[in-house]
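Position in the sequence shown (first residue = 1) + 1 = my numbering.
No residue lacks a Cβ here, since even glycine has one placed at the ideal position from N, Cα and C.
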Amino acid sequence: MADFTPNASAGASTSPPASPGPETLSPLEQEVLDEYARLAGNLNDLSALLSTLSQNPSAGILDALRGLERKTSLVFTLLKASVYSIVLQQQIYGEDEGGEGEGLEGGMGEGESMDVDVDVE
């Protein structure tokens, strides 16, 4: 961003701003320009801070993300185990009602598979 000077206007001549005439700003206009200058400075500071953070991530953030990754993988594993348990119970109840008597030896039915492969570091 270019530096912004609140007293300079785009098409103004080099005459001093205190001189009377149409180029003199009202107090409200000057206040608005000062606020815009302050906002531009704050945005520049924010941009510099975000640039620094994006280039050098802090160790605390990385540690927190690693912990979150571990917890997420644990929840994923528990969810898969729960689904496997439900499928297995449904097979057992279905076999009991059908009277086939295969028990647990039948395993999962055709087209059903349960892959559990989770990498936890």
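Query, Result
"Could you tell me the distance, in whole angstroms, from the CA atom of residue 61 to the CA atom of residue 72?", "17 Å"
"Can you list, in chain order, the residues of its chain with a C-beta nearer than 6 Å to that of residue 43? Leave out the 5 residues immediately preceding and following it.", "none"
"Over the uninterrupted alpha helix (DSSP H) stretch that includes residue 26, give me the two end residues.", "Taken as a continuous stretch (DSSP letters only), residue 26 belongs to no alpha helix (DSSP H), as it is neither H nor E."
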